[in-house]
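Taking it in order: structure first as structure tokens, then the write-up.
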Amino acid sequence: MKLPELEESVRSGRLVPDGKVCLNEQGELNVTKIAVEPVWYLPGVAERFGIDEGTLRRSLFEHTGGMYPELITRSDIKVFLPPIGGLTCNGSDVFCSDICTCRPYLIFGIEEAVKEAQNGGSGVVIYFRKEGRALVVYNARKRGEDRASDYFKRTENIAGVKDMRFQALMPDILHWLGITKIDRMLSMSNMKHDAIVGQGIPILERVELPESWIPADSRVEIDAKINAGYFTTGHRMTEEELRSVQGRIWEDVDH
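When you number the sequence shown by UniProt numbering, it's gap-free, plus one each residue, and the end is 255.
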């Protein structure tokens, strides 16, 4: 695997080529890649959400616009392949926008996974296609004042909810991989942490994104999330303090 930032990681000394994991000065990595499509056993999914199977089937049928009538007509079919598309963070992960911390955290996580593998451990990066909140909120943010205090409010204005993801199902891939313990978790998300621990996988250490990795325009996102419950060893801003955290607005950009 080759990512442009990893060459800089080697140049700066954060990664050291060993010829086995980090192969060369360009930061190329020796990795095993696995593409996994989620499959839902409907009775089990319903149980984990605390609802009956019929309610789950009806909800899936309605929220997919009736695309899968078998959810209603074939109650004997218990397995469903959900239509999860490319809802990743296209802004940051794909196009390297500095409006959020998604790509910096991804690269930081990959670096730490490399170091763990070089130390004789297992470095695992799990990247979900559903990962981004996928709610198209950033234009709405920029049309307003783009303050941290309004971060989740913008999402609710557009989608009616703060987050469209189901973290309760997220740890399934960990069980599939046979992971029974996480020594260092490279995520600040309280929702991911609680879902993993709730499924019996202990997390020994949580590692937050270092300040040096956070782009200036990402402070709105990360400070709002820390206030909402993201893990931090630093300061957790009050609602009043969040009002002073502001990103770029339309007037700051040439049109």
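Backbone N, C-alpha and C define an ideal beta-carbon position, used for all residues, glycine too.
- CA-CA distance, G247 to A224, rounds to 12 Å.
- Given a length threshold of 4 residues, each whole run of the alpha helix (DSSP H) inside the segment 147–222 is given here in chain order: 151–159, 172–177, 190–198.
- Exclusion of the five residues before and after A148 leaves V220, D223, A224, L242, V245 as the residues of its chain whose Cβ lies within less than 6 Å of its Cβ.
- Setting aside the 5 residues that flank it on each side, M170 is surrounded in the same chain by F128, K192, A195, I196, each with a C-beta closer than 8 Å to its C-beta; the list follows chain order.
- Under the DSSP definition of a beta bridge, Y230 lacks any partner.
- Listed in chain order, the non-local C-beta contacts of F61 below 8 Å within the same chain comprise Y68, P69, L71, I72, local neighbours out to five positions each way being set aside.
- DSSP lists Y41 as the bridge partner or partners of V79.
- The three-state reading of DSSP puts L71 in helix, counting H, G and I together.
- Between I77 and E5, the C-beta spacing is not below 8 Å.
- Within the same chain, Cβ atoms closer than 7 Å to the Cβ of A113 are found at G123, V124, V125, the five residues on either side in sequence being excluded.
- By the C-beta criterion, the segment 179–188 is judged not to be in contact with the segment 155–165, since fewer than 3 inter-stretch pairs fall below 8 Å.
- In this chain, L15 is not harboured by any alpha helix (DSSP H), its DSSP state being neither H nor E.
- Around the beta carbon of D150, 16 or more other beta carbons sit within 10 angstroms, so the residue counts as buried.
- The beta carbons of Y41 and V16 sit no closer together than 8 Å.
- DSSP lists R147 as the bridge partner or partners of Q246.
- About 5 Å separates the beta carbons of T232 and I226, which is inside the 8 Å limit, making them a contact pair.
- Straight-line spacing of the CA atoms in T64 and L81 works out to 13 Å.
- G27 places its beta carbon 8 Å or farther from that of V45.
- Looking only at T55, E37, A35, E239, the smallest Cα-Cα distance to K153 is reached by E239.
- Rounded to whole angstroms, P215 and N119 show a C-alpha spacing of 29 Å.
- Counted as a single uninterrupted DSSP element, the stretch harbouring V94 is not any alpha helix (DSSP H), since DSSP gives it neither H nor E.
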